[in-house]
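J.: Next up is a structure, given as structure tokens.
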Ligand SMILES: Cc1ncc(COP(=O)(O)O)c(C=O)c1O
């Protein structure tokens with residue numbers, strides 16, 4: 002059975018040659034990952050070789066435009082979608098804001114939008130503001146006392162007034178993988194749009210948009226080992242129903258329809274390096290292969306996911322008998338390697354500080370999912386939860402260090 006070669010993976014990340022990243026065990030990955038060397042190379046090249054207005058007649062402007070096109074094309078190929086359905090924005094928060102304004106075309110007074118209590122604020126606030134502006138109803142899919150979303154709690158919220166459902170693929174706190182496929186199956190016949198926040202999911206499992214078939218899917222590349230951008234897929238037929246948010250003379254270009262910001266050109270060009278990273282990793286693990294980039298990316302992403310799942314299981318086993326409560330499931334069944342917990346003996350900030358003393362980076366707080374924390378009864382959401390979020394470059398040794406610190410802390414009482 003092929004397993005992820007973590008030494009190889011780490012050799013692809015120049016961060017590990019630097020003093021702080023090499024001594025720190027990074028478990029803050031849900032906040033942002035290290036950047037693959039192939040991405041950095043493209044980024045540096047763009048800024049040094051041709052940081053000019055792209056797409057002009059001169060050789061240098063042409064080169065800049067070509068590199069940006071290659072970045073866009075690589076992202077589309079990685080996702081198995083067309084470049085026309087791909088919007089690159091500065092962040093997912095910005096993309097959701099843009100999308101919510103665009104949805105003013107299908108939401109009106111008396112209609113309803115469903116959000117969840119589990120989402121990051123980026124996929125709630127934009128919809129709340131839209132509903133307030135248009136006099137539409139905001140309905141909330143509630144969480145259970147574990148912080149999880151259950152389909153039976155969504156059903157009563159659905160009727161013909163609902164225009165869109167905005168939900169997370171997996172929460173940045175709870176980690177459970179939500180049943181997006183089932184929601185789509187249930188509501189698509191009613192013409193309801195499904196908008197998915199994949200920010201917390203994509204770093205652990207590369208999204209399979211062609212299989213999932215959402216109406217819109219967003220994630221952030223600064224958490225998937227690349228530059229700081231927000232990727233937004235909008236299904237072509239859904240896009241046509243929405244108000245364009247671009248300059249009027251760009252409406253004819255589908256890929257510009259929701260482009261309000263024109264993010265950093267070098268960051269777009271550098272996305273081609275993410276394509277290189279997945280392709281090279283695939284070749285390293287599986288040998289030369291002529292399958293399309295999307296299929297190869299799915300395959301290598303499965304290896305990354307299996308590796309993270311193993312590490313996270315090691316953590317769960319190591320802390321099982323400590324006085325810690327985990328939000329969501331305490332098994333890896335149906336969850337991502339992203340664990341949020343609280344201690345009955347220490348504040349979350351104290352846990353984070355104890356880990357920091359052992360050169361382990363794991364933050365605490367509400368991670369912008371403030372409503373979720375309040376709903377599960379965590380009143381001090383600034384102290385919030387300790388979050389231990391894995392990436393595929395983490396090692397067993399690093400994970401054991403986390404376990405050791407948490408054990409020592411709780412057993413010394
Ligand atoms: C689950 C989730 N959704 C949305 C966002 C917002 O993404 P961005 O920082 O790109 O605006 C984040 C950021 O941490 C997140 O974790």
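Numbering (the numbering used here), first residue to last: 2 to 414.
For glycine and all other residues, C-beta sits at the position ideal for the given N, C-alpha and C.
1) When you compare only the Cα positions, how much space is there between residue 179 and residue 341?
2) State yes or no: is the C-beta of residue 167 within less than 7 Å of the C-beta of residue 128?
3) If you draw a straight line from the C-alpha of residue 10 to the C-alpha of residue 286, how long is it?
4) Looking only at C-alpha atoms, which of 174, 197 and 172 sits nearest to residue 182?
5) Check the Cβ-Cβ distances between residue 132 and every residue of chain C, and say whether any is below 7 Å.
6) Taking DSSP as the reference, what is the three-state secondary structure of residue 207?
7) When DSSP labels each residue in this structure, what does residue 84 get in the three-state scheme?
8) Quick check on the burial criterion: 16 or more other C-beta atoms within 10 angstroms. Buried or exposed for residue 37?
9) Is the beta carbon of residue 395 less than 7 Å from the beta carbon of residue 294?
10) Going by alpha carbons, who is nearest to residue 89 out of 281, 291, 247 and 290?
11) Near residue 94, which residues of its chain fall below 6 Å by C-beta distance, leaving aside the five closest residues on each side in sequence?
12) Quick check: is any heavy atom of ligand 1 less than 6 Å from the C-beta of residue 262?
13) Compute every distance between the C-beta of residue 173 and the non-hydrogen atoms of ligand 1, then say whether any falls below 6 Å.
14) Report the option in 159, 116, 145 and 111 whose CA atom is closest to the CA atom of residue 1.
15) Which parts of the segment 173 to 249 are runs of the alpha helix (DSSP H), unbroken and 4 residues or longer, counting only runs that do not cross its ends?
16) Judging by CA-CA distance, which residue of 252, 284, 309 and 114 is the nearest neighbour of residue 31?
17) With distances taken between CB atoms, is the gap from residue 269 to residue 282 smaller than 7 Å?
18) Please classify residue 389: does DSSP put it in a helix, a strand, or coil?
19) Under a Cβ-count criterion, where at least 16 other Cβ atoms within 10 Å of its own Cβ denotes burial, should residue 119 be classed as buried or exposed?
20) Can we count residue 199 as close to ligand 1, meaning its CB is less than 6 Å from some heavy atom?
21) Any chance the segment 141 to 153 sits against the segment 201 to 220, with 3 or more Cβ pairs inside 8 Å?
22) Provide the residue(s) that pair with residue 142 in DSSP beta bridges, ordered along the chain.
23) How many angstroms separate the CA atom of residue 273 from the CA atom of residue 297?
T.: Looking at the coordinates:
1) Counting from 1 along the chain shown, the entry for residue 179 is found at position 178. Counting from 1 along the chain shown, the entry for residue 341 is found at position 340. Going by the C-alpha atoms only, they are around 17 Å apart.
2) Position 166 of the chain shown, counted from the start, is the residue given in the question as residue 167. Position 127 of the chain shown, counted from the start, is the residue given in the question as residue 128. It is a contact, given that the beta carbons lie within the stated cut-off.
3) Position 9 of the chain shown, counting from 1, holds the residue named residue 10. Position 285 of the chain shown, counting from 1, holds the residue named residue 286. The straight-line gap from Cα to Cα measures roughly 10 Å.
4) The residue labelled residue 182 in the question sits at position 181 within the chain shown. Per the Cα distances, 197.
5) Among the protein chains of the structure shown there is no chain C, as only one such chain exists.
6) The residue labelled residue 207 in the question sits at position 206 within the chain shown. DSSP places residue 207 in coil when its eight states are reduced to three.
7) Reading the chain shown from its first residue, position 83 is the one you call residue 84. Helix at residue 84.
8) Your numbering for residue 37 matches position 36 in the chain shown. Buried is the call here.
9) Taking the chain shown and counting its residues from 1, the one referred to as residue 395 is at position 394. Taking the chain shown and counting its residues from 1, the one referred to as residue 294 is at position 293. For residue 395 and residue 294, no; Cβs fall outside 7 Å.
10) To locate residue 89, count along the chain shown from 1; it is residue 88. Measuring from the Cα of residue 89, the nearest candidate turns out to be 247.
11) Residue 94 sits at position 93 when you count from the first residue of the chain shown. Correct list, in chain order: 123.
12) For the purposes of this step, residue 262 is identified with residue 261 of the chain shown, where counting begins at 1. No, ligand 1 has no heavy atom inside 6 Å of this Cβ.
13) The residue given as residue 173 occupies position 172 in the chain shown. Yes; taking the cut-off as 6 Å, the Cβ of residue 173 has a heavy atom of ligand 1 nearer than that.
14) Nothing can be reported for residue 1: it is not among the residues displayed for the chain, which extend from 2 to 414.
15) 181 to 188, 210 to 213 and 237 to 242
16) What you label residue 31 is simply residue 30 of the chain shown in a count that begins at 1. Taking only the C-alpha atoms, the option nearest residue 31 is 309.
17) What you label residue 269 is simply residue 268 of the chain shown in a count that begins at 1. What you label residue 282 is simply residue 281 of the chain shown in a count that begins at 1. The answer is no: Cβ separation not under 7 Å.
18) Position 388 of the chain shown, counted from the start, is the residue given in the question as residue 389. Reduced to three states, the DSSP call for residue 389 is strand.
19) On the chain shown, position 118 is the one that residue 119 refers to. Looking at its Cβ environment, which holds 16 or more other Cβ atoms inside 10 Å, residue 119 is buried.
20) The count along the chain shown starts at 1 and reaches residue 199 at position 198. It does not: the Cβ of residue 199 is nowhere closer than 6 Å to a heavy atom of ligand 1.
21) no
22) Indexing the chain shown from 1 puts residue 142 at position 141. Residue 142 is bridged to 117.
23) Reading the chain shown from its first residue, position 272 is the one you call residue 273. Reading the chain shown from its first residue, position 296 is the one you call residue 297. About 15 Å.
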